[in-house]
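Down below is the structure, laid out as structure tokens.
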Amino acid sequence: MRTSPRLPVALSLAVLLSPLVACDPAAGEPSQPEDPKPGVTKSAKRGLGYGYHSAEDLKALSPGMSWWYNWSPKPESGAASVYVSEKVSFVPMAWGGTPTVAQLESEIPASAQVLLGFNEPNFKSQANKTPRQAAALWPVLEEVARRKGLKLVSPAVNYCGDCVTEDGVTFTDPVVYLDAFFKACANCQVDAIAIHWYACDLSALKWYVGQFKKYNKPLWLTEFACGDRPHNEITVDVQKKYMVDAIGYLETEPSIERYAWFSGRNNEIPSINLLGASGELTELGRLYVTLAAGAAQPSP
């Protein structure tokens, strides 16, 4: 397994299929200091995929965000000291590799309520597990979930380019992968489905979410942002427009239980950063924190 939080993303069907690679955090767009608007309501659905929070970062995001994950079973040290008091839940992940019950059980905080499964296992560059390989390891996650009283979320999937193959099938399509996983893991505990998506318009997001409703389980959109347009076209205003449209839908879509923007600081997709300097929200970050919970808002 990896030894540091993972920050890669995967592009959607429109790009088909050139996933972005992992990267170190980069400075976000600077913003003028600005406190969240009075009366901001913390969204029960809204979270963030990011693994380098300082305590100040988490405090800045906490008024509008209720959870985060960092592709690891335990929280990063900066956030660990404040997330309980800030009422932002940490959600651990069994990213990949060959985890053991003892290892996961010892690292997952006592306050955790949910365990995320393998990250993009159909990607060779990510968890890199065929459906049967993922199913064979799933009892480890189930036992940890049983011991700690956790809900268990499926492997997180997206369209990919360099994909795993099994029984002559190359698992480019995330639905085909999950179908094969559930066939190999017919009686496994899976309480929700995790998906990723990087298209830039609301209609594509709605279509994609619709593909997974057939499983009749809550959906967790654990990575999303506008990423599959030419990078010179992805401005802060483009990200803001997409964020407003997407969150208006995600907050009111019954099948979506949780969602997480990607990411806090990252230089692989333009203008996605919610954080600038430590504890400083970018223009996009202020929007993410202050968008209404449970209702759409007009475009900025």
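The sequence shown maps to residues 0 to 299 in numbering that gives the first Met the number 0.
Cβ atoms here follow ideal geometry from the backbone N, Cα and C, with glycine treated the same way.
{"Item": "For residue 259, the three-state DSSP class (helix, strand or coil)", "Value": "strand"}
{"Item": "Exposure of residue 285, with buried meaning 16 or more beta-carbon neighbours within 10 Å", "Value": "buried"}
{"Item": "The segment 154-166 contacting the segment 108-121, beta-carbon criterion three pairs below 8 Å", "Value": "yes"}
{"Item": "Residue 262, buried or exposed, once every other Cβ within 10 Å from all chains shown has been counted against 16", "Value": "buried"}
{"Item": "Beta-carbon gap between residue 235 and residue 283 smaller than 8 Å", "Value": "yes"}
{"Item": "Within 8 Å, strictly: CB atoms of residue 241 and residue 187", "Value": "no"}
{"Item": "Where residue 112 falls, given that 16 or more other Cβ within 10 Å makes a residue buried", "Value": "exposed"}
{"Item": "Collapsed DSSP secondary structure at residue 246 in the structure displayed", "Value": "helix"}
{"Item": "Where residue 69 falls: helix, strand or coil (DSSP)", "Value": "coil"}
{"Item": "Inter-residue CB distance, residue 206 and residue 256 (contact presumed, cutoff 8 Å)", "Value": "Not really, about 19 Å apart at Cβ, beyond 8 Å."}
{"Item": "Uninterrupted beta strand (DSSP E) stretches inside the segment 67-132 (no shorter than 3 residues)", "Value": "113-115"}
{"Item": "For residue 223, the three-state DSSP class (helix, strand or coil)", "Value": "strand"}
{"Item": "Span of the beta strand (DSSP E), counted from its first residue to its last, around residue 264", "Value": "Element bounds for residue 264: n/a, residue is neither H nor E."}
{"Item": "Range covered by the alpha helix (DSSP H) that runs through residue 60", "Value": "54-60"}
{"Item": "Where residue 216 falls: helix, strand or coil (DSSP)", "Value": "coil"}
{"Item": "Coarse secondary structure for residue 189, derived from DSSP in three states", "Value": "coil"}
{"Item": "Chain-order list of residues whose beta-carbon lies under 6 Å from that of residue 291 (same chain, five-residue window excluded)", "Value": "none"}
{"Item": "Residue 110 vs residue 83 beta-carbon contact at 8 Å", "Value": "yes"}
{"Item": "Euclidean distance between Cα positions of residue 74 and residue 49", "Value": "10 Å"}
{"Item": "CA-to-CA distance, residue 135 to residue 100, given in whole angstroms", "Value": "14 Å"}
{"Item": "Closest by C-alpha distance to residue 270, when choosing among 183, 169, 229, 258", "Value": "229"}
{"Item": "Helix, strand or coil at residue 251 according to DSSP, with G and I counted as helix", "Value": "helix"}
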